[in-house]
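Colleague: Protein chains in written order, with the working numbering: chain Z, 12 to 638; chain P, 4 to 484.
Virtual Cβ for every residue (Gly too), placed ideally from N, Cα, C.
None of the values given here were measured: they were computed from a predicted structure.
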């Protein structure tokens, strides 16, 4: 098959799956719905793998989208190493999560709808990474936002879930406005939104402050989509969606769109040092901020959600210090182990009959062994246990940060320690100690079916071994990924590669020692009986950021809405219209007295008029102008 | 010949239904408007394939006045605005008529008046001299007044219809003053086609141009309506039967924007250029003002009314941006908005038919019982908030791009404020959708049924246009420009 056809099929296959399940899924048997949903993804994955092994690259032009004067926009797909990498992650992990969903969503009434939405999401996400221009990227960008909205609010009878969905959509829209402005600015200088033209453009002609504005606008878009400070609060709420959604959309793929976009644009981002520094600071701040909140959360999915925000912060930190490849590498390993952790959490929730509070779990290790062991690997990977994938990728970031700024490094290191704390706290509370749930829950405890555990096992293998593609770094060679992405990210000579590994090794040892004391004693025990005070209370309540936003943005907007509607619109503007109308009536009632039928008054008025007219004429004759 | 036919079919049909008493019914009205739609589509096809028929133009002599009508702007270069608007009117009309409620008293008169409005609309959009323009501009107003006043709902419908009538008539009369001035200045009496009027206008001194521009703008801002001349609109939209609200917001409101393009932008560019910054700021303030008010509307039709004000203001800002992107985008978006607003109001009407209420606070959980309706509503809603792959995105994207690139100072900041529409639009739309369609059902909504296959057939063309123009906007742009 020709490569163009394969490429188009990769994109369209999930869309066809969406159409079939969306339009007819209601009348199809459940097994067929699942097969269609997963099959669509498998086809995409096989196609992507074929492209990968043939090492196919190029731009595929499909059709002209619109043309106004000199503005031409085309629907075209771009296959290069960066998009291939993303496509592999999306279709590969996407497929595993689809398979997992067969088991997880089996008893849900909206089974077909769920698969339709998931397929639509994958279609949008593929559009995002395969599009050959910022415009098409924006198509996918908004499309994934819609799917996220639909899937967070999947159980739409619960208005809290709908609130979470709406919040996600609107907060993303704030970022999207930034993205739009960035695109307009970019177009102003480059005259095109196509990647090939933008990358070939000589940005030295663009004034630095314009470039900073453009990159800042684009980064605001990334903040929204990738849940960075201050636009991150939607992501923890997004956990209202079914767990496979959290794994696929809110951990592995969609939230990494911001990273992808900046790596895609690294040519001009690296020319805006102010923005780069800003990205690093935001990333670092987010990593610490979210990491500290995760320390005190009780909902297993909330811990993972804040952990995701925190890890995304690390990726942005890497981008900010110019280590684009390391950012992408962490994106990939994070996709493996965070998808694994979320799916593992889903398996735990499944076993616990829907319970998500880790203080009500405990001692699950023996009851659900496959989940336990795979989860263990996930935890090891995320805390950066030596030679797991998370170790390799996080270490790369820390090396890059160390070379950039020592203070950043110390803070990032503290963040890495926090990861160890909150992950192990959750891990011990869930799997060890005594069972703290109800009898009924204990009675129902069961390992999940194979459709759920098989994806766990595959993801566990990836989490363990995924880091090895960067292995040559250990022996002073060029890491594979840097070589793979060299066409998109020009590699810089790295002199400090010899420091590899040392930081995280130290971190892990300190962390494990600390964990031993803390978990065994105060921290975990305190978590059972729930009452935090002081800093713990602030962290448990997420620094009251939601409340602050409510106070700063939501309330004033609602107040303005009411005030403008009731006072400005009804009283002032319409009042003036009313007055204008009234004045006509007033004139009518006033002037009607002039027509009272009395000859005397008519003569009086006539005389007055004559006097005025004669007077005015006299003034003109004598050049006297009173006005 | 074609423009005259397109005006006469609904005119004759309308008069027939109006005078025929009990014979006239919905099917006949739909028939007349469908014939009109088919002729229009055929004409558009000929126009697209460059078969230059003399039939696109028409001169009618009546009472010694020469009426000029044209469907190809007499070969005018730079876009066929007339065709775009006639296409919108005539494609939408049968759909709008089909969406009407079954139990309407005096059907014949109701549909007859609606067809008369259609005749007026086609007239306005094909007129190529100022006298025809003015006559047709007024022609739609009287039937609309009766439709709101007689078939409307609520105790104060007569009062609201009266305000609507007087307010918009006031604007028209002010425009008439400007038109008479221009006709006099041209010295050609009642034989003034647009070309000579435009020439006359351009050669006037700047001060006079500014005054005339002010007159025209006032009339058209009332018609659109644009903040702060909008206060007749929300109550009128709410009171009018939904079918009439569709005509008012999808079509009659467009007469205002059409007028601005014709008489201000084309005729007096110099004056327009001077007013540009002020008008842009006014329009963009209107976008935000109306969108913020929309957030707290409890009545679905009031919400759509304020949403319309907000969207129309964005189109106006695009026109005032005074560049190709803004201009073409606003024409495209006029078309798109017409389709979208009919879809949204159709969903609202279907909800009302089943539950008897427009109040969001009384609804809830409809998506459970009526998934098809929920999906159709959602597609229109997404088009309205400008999601890619819907026609709304293309329009809003290009409009914002036009504003961003305009030569006004601080145009970037203006574009940023105009861009707030994508956030605020999502806020009010998703909010209303959430509380009307999601959540648990209550005693009002528990009995709701899903839409029938017949109703689904009405949805299909609307959704098809939304998606087709969202994916292939070039279809429209190549036809019109």
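Could you pull out every residue in the same chain whose Cβ sits closer than 8 Å to the Cβ of residue 337/P, ignoring the five residues on either side in sequence?
Modeller: In the second chain, counting from the first residue as 1, residue 337/P sits at position 334. Here the set comprises 87, 88, 91, 257, 260, 261, 318.
Colleague: Would you list the residues sitting across from residue 85/Z in a DSSP beta bridge?
Modeller: To locate residue 85/Z, count along the first chain from 1; it is residue 74. Answer is 75/Z, bridged to residue 85/Z.
Colleague: Return the Cβ separation of residue 164/P and residue 155/P in integer angstroms, given the expectation that the two are a contact with Cβ distance under 8 Å.
Modeller: For the purposes of this step, residue 164/P is identified with residue 161 of the second chain, where counting begins at 1. For the purposes of this step, residue 155/P is identified with residue 152 of the second chain, where counting begins at 1. The C-beta distance from residue 164/P to residue 155/P rounds to 6 Å, short enough to fall under 8 Å.
Colleague: May I ask you to report which of helix, strand or coil DSSP gives residue 90/Z?
Modeller: Translated into positions along the first chain, residue 90/Z becomes position 79. In the structure shown, residue 90/Z sits in a strand (DSSP, three-state: E or B).
Colleague: Rounding to the nearest angstrom, what Cα-Cα distance links residue 181/P and residue 63/P in this structure?
Modeller: Locating residue 181/P in the second chain gives position 178, counting from the first residue. Locating residue 63/P in the second chain gives position 60, counting from the first residue. Spanning the two alpha carbons is a distance of roughly 24 Å.
Colleague: Taking C-beta to C-beta, are residue 339/Z and residue 274/Z nearer than 9 Å?
Modeller: As a first step, residue 339/Z must be located in the first chain, where it is residue number 328. As a first step, residue 274/Z must be located in the first chain, where it is residue number 263. Yes; because the gap between Cβ atoms is below 9 Å, this pair is in contact.
Colleague: Going along the stretch 549 to 581 of chain Z in order, which residues come within less than 7 Å of chain P, judged by CB to CB distance?
Modeller: The residues in question are 568, 569, 571, 572, 573, 575, 576, 580.
Colleague: Compile a chain-ordered list of the residues in the stretch 224 to 255 of chain Z whose CB is closer than 7 Å to at least one CB of chain P.
Modeller: Listed by position along the chain: nothing, the set is empty.
Colleague: Taking the alpha-carbon positions, what's the residue 1/P to residue 94/P distance?
Modeller: Residue 1/P lies beyond the range of chain P shown here (4 to 484); nothing can be said about it.
Colleague: Tell me the DSSP bridge mates of residue 62/P?
Modeller: Locating residue 62/P in the second chain gives position 59, where the first residue counts as 1. In DSSP, residue 62/P forms a bridge with 71/P.
Colleague: Relative to the C-alpha of residue 193/Z, which candidate in 101/P, 169/P, 400/P, 50/P has its C-alpha closest?
Modeller: As a first step, residue 193/Z must be located in the first chain, where it is residue number 182. For residue 193/Z, the nearest C-alpha among the options comes from 400/P.
Colleague: Residue 164/Z touches chain P at which residues, Cβ-Cβ below 9 Å?
Modeller: Along the first chain, one-based indexing puts residue 164/Z at 153. Those within 9 Å of residue 164/Z in chain P are 437, 441.
Colleague: If you follow the alpha helix (DSSP H) that residue 334/Z is part of, which residue opens it and which one closes it?
Modeller: Translated into positions along the first chain, residue 334/Z becomes position 323. First-last for residue 334/Z: undefined, no H or E at that position.
Colleague: Going by DSSP, what residues sit across from residue 69/Z in a beta bridge?
Modeller: Within the first chain, residue 69/Z is the residue found at index 58, counting from 1. DSSP output for residue 69/Z lists 90/Z as bridge partner(s).
Colleague: Tell me which residues of the stretch 269 to 301 of chain P have at least one Cβ-Cβ distance to chain Z shorter than 7 Å, keeping chain order.
Modeller: Listed in sequence order: 292, 295, 296, 298, 299.
Colleague: Where residue 509/Z and residue 206/Z are concerned, what is the direct C-alpha to C-alpha distance, given to the nearest angstrom?
Modeller: Translated into positions along the first chain, residue 509/Z becomes position 498. Translated into positions along the first chain, residue 206/Z becomes position 195. The predicted model places residue 509/Z with a pLDDT of 46, which falls under 50 and marks its position as unreliable; any figure quoted below should be read in that light. When rounded, the distance between both Cα atoms is 35 Å.
Colleague: Is the beta carbon of residue 325/P sitting closer than 9 Å to the one on residue 255/P?
Modeller: Start at 1 with the first residue of the second chain, and residue 325/P comes out as number 322. Start at 1 with the first residue of the second chain, and residue 255/P comes out as number 252. It is not a contact, given that the beta carbons lie outside the stated cut-off.
Colleague: Which residues does DSSP pair with residue 310/Z in a beta bridge?
Modeller: In the first chain, the residue the question calls residue 310/Z occupies position 299. Its beta-bridge partners are 368/Z.
Colleague: Step through the CB atoms of chain B and report whether any lies within less than 9 Å of the CB of residue 477/P.
Modeller: Among the protein chains of the structure shown, namely Z and P, there is no chain B.
Colleague: Between residue 271/P and the rest of its own chain, which residues show a CB-CB distance below 6 Å, the 5 nearest in sequence each way excluded?
Modeller: Locating residue 271/P in the second chain gives position 268, counting from the first residue. 204, 212, 216, listed in sequence order.
Colleague: Around the Cβ of residue 357/P, are there at least 16 other Cβ atoms within 10 angstroms (buried) or fewer (exposed)?
Modeller: As a working note, residue 357/P is residue 354 in the second chain. By the neighbour-count rule (16 or more Cβ atoms within 10 Å), residue 357/P is buried.
Colleague: What residues from chain Z crowd round residue 312/P, counting only those whose CB sits closer than 7 Å?
Modeller: Position 309 of the second chain, counted from the first residue, corresponds to residue 312/P. Ordered by position in chain Z, no residue passes the 7 Å Cβ test against residue 312/P, which lies about 10 Å from the chain.
Colleague: Once the 5 residues before and after residue 352/Z are set aside, which same chain residues still bring their CB inside 6 Å of it?
Modeller: The residue given as residue 352/Z occupies position 341 in the first chain. Closer than 6 Å at Cβ, skipping near neighbours: 315, 389.
Colleague: Is the distance from the Cβ of residue 102/Z to the Cβ of residue 21/Z below 9 Å?
Modeller: Residue mapping note: residue 102/Z aligns to position 91 of the first chain, counting from 1. Residue mapping note: residue 21/Z aligns to position 10 of the first chain, counting from 1. Yes, they are a contact pair.
Colleague: Can you check whether the CB of residue 269/Z is closer than 9 Å to the CB of residue 176/Z?
Modeller: Your numbering for residue 176/Z matches position 165 in the first chain. Your numbering for residue 269/Z matches position 258 in the first chain. Contact: no.
Colleague: When burial is assigned at 16 or more other CB atoms within 10 Å of the CB, is residue 236/Z buried or exposed?
Modeller: Residue 236/Z sits at position 225 when you count from the first residue of the first chain. Residue 236/Z comes out buried.
Colleague: For residue 46/Z and residue 463/Z, what's the separation of their Cα atoms in angstroms?
Modeller: As a first step, residue 46/Z is located in the first chain; it is residue number 35 there, counting from the start. As a first step, residue 463/Z is located in the first chain; it is residue number 452 there, counting from the start. Residue 46/Z and residue 463/Z: Cα-Cα distance of roughly 15 Å.
Colleague: From the DSSP output, in three-state form, read off residue 196/Z for me.
Modeller: Locating residue 196/Z in the first chain gives position 185, counting from the first residue. Three-state result, residue 196/Z: helix.
Colleague: What I want to know is whether the C-beta of residue 455/Z ends up closer than 8 Å to one or more non-hydrogen atoms of the ligand MG.
Modeller: This structure does not include the ligand MG; it has no bound ligands of any sort.
Colleague: Counting only beta-carbon atoms, is residue 184/Z nearer than 9 Å to chain P?
Modeller: Position 173 of the first chain, counting from 1, holds the residue named residue 184/Z. So yes, residue 184/Z belongs to the interface.
Colleague: Determine which residues of the stretch 165 to 181 of chain Z have a Cβ less than 7 Å from any Cβ of chain P, and write them out in chain order.
Modeller: 167, 168, 170, 173, 177, 180, 181
Colleague: Using a Cβ-Cβ cutoff of less than 7 Å, which residues in the same chain neighbour residue 642/Z once the five nearest sequence positions on both sides are dropped?
Modeller: With chain Z running from 12 to 638 in the structure shown, residue 642/Z is simply not present.
Colleague: Figure out for me which residue from 52/Z, 87/Z, 83/Z has the closest Cα to the Cα of residue 107/Z.
Modeller: Counting from one through the first chain, the residue named residue 107/Z turns up at place 96. Of the listed residues, the one whose Cα sits closest to residue 107/Z is 52/Z.
Colleague: Extract the residue ranges of the alpha helix (DSSP H) inside the stretch 123 to 211 of chain Z, only unbroken runs of 4 or more that lie entirely within it.
Modeller: Whole alpha helix (DSSP H) segments, 4+ residues: 145 to 163, 170 to 201, 206 to 211.
Colleague: Any contact between the stretch 62 to 77 of chain Z and the stretch 152 to 166 of chain Z? By contact I mean 3 or more CB pairs, one from each, below 8 Å.
Modeller: no
Colleague: For the structure I just gave you, are there three or more beta carbon pairs, one from the stretch 585 to 592 of chain Z and one from the stretch 306 to 321 of chain P, closer than 8 Å?
Modeller: no
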